[in-house]
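Working notes, structure below.
Numbering (our numbering), first residue to last: 1 to 165.
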């Protein structure tokens with residue numbers, strides 16, 4: 001058996017059209033809770049370069065292929081990326097992304113059945129005010145009962161100090 005055939009036989013997922021949005025990643029076999037499914041790969045770039053590329057491509061919506069690392073660098077899944085870039089957002093996800101020594105891995109948060117679409121909560125962070133227009137730009141299409149309607153992370157509310165209010 002060739003290396004390519006062994007690799008294909010061992011894969012737990014495939015990329016195909018998604019009812020949620022564009023392409024999606026779907027389980028080919030049962031995936032157990034806690035199982036590492038795939039590494040999120042792509043070109044590692046600076047935040048400044050990511051911002052430049054997003055502007056060149058037409059704006060912030062293209063940031064959905066970007067994965068920001070703890071050290072401030074960004075993995076651009078749109079450049080030299082793999083199937084992980086096609087994992088869609090969901091407000092009530094079945095997967096979670098973990099960073100381990102500068103690498104990002106997607107793990108199952110619960111048991112996943114064959115045919116089920118893999119997803120994780122993007123929780124995109126934007127410092128700008130979350131206007132209706134921004135929320136519409138990052139609209140969520142997951143359709144889960146707990147859907148927030150947006151892929152944006154909730155803004156952190158600061159408590160006012162009663163002594164200064």
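For glycine and all other residues, C-beta sits at the position ideal for the given N, C-alpha and C. Since the model is a prediction, treat every value here as computed from it, not as a measurement.
**OP:** Report the three-state DSSP secondary structure of residue 136 (helix, strand or coil).
**Re:** The residue labelled residue 136 in the question sits at position 136 within the chain shown. Note: residue 136 maps to helix in three-state DSSP.
Original post:
Thinking C-alpha only, which one of 25, 28, 68 is nearest residue 49?
Top reply: The residue you call residue 49 lines up with position 49 of the chain shown. It is 68.
Original post:
What's the gap between the Cα of residue 127 and the Cα of residue 24?
Top reply: Within the chain shown, residue 127 is the residue found at index 127, counting from 1. Within the chain shown, residue 24 is the residue found at index 24, counting from 1. Using only the alpha carbons, I get a separation of about 28 Å.
Original post:
Hey, out of 134, 98, 21, 151, whose CA is closest to residue 38's CA?
Top reply: Within the chain shown, residue 38 is the residue found at index 38, counting from 1. Looking at the Cα atoms, 98 is the closest of the given residues.
**OP:** List in chain order: all unbroken beta strand (DSSP E) runs of 3+ residues lying wholly within the region 20 to 50.
**Re:** Counting only runs of 3 or more, we get 23 to 27, 36 to 40, 43 to 45.
Original post:
Whose C-beta lies closer than 7 Å to the C-beta of residue 35 among residues of the same chain, with five residues either side of it excluded?
Top reply: As a working note, residue 35 is residue 35 in the chain shown. Around residue 35: 107, 108.
**OP:** Taking residue 98 as part of the beta strand (DSSP E), name the residues at either end of that continuous run.
**Re:** Counting from 1 along the chain shown, the entry for residue 98 is found at position 98. Per DSSP, residue 98 belongs to the beta strand (DSSP E) from 95 to 100.
Original post:
Which residues in the same chain have their Cβ closer than 7 Å to the Cβ of residue 72, if we skip the five residues on either side of it in sequence?
Top reply: Taking the first residue of the chain shown as 1, we reach residue 72 at position 72. For residue 72, where only same-chain residues beyond five positions count, the Cβ hits under 7 Å are 47.
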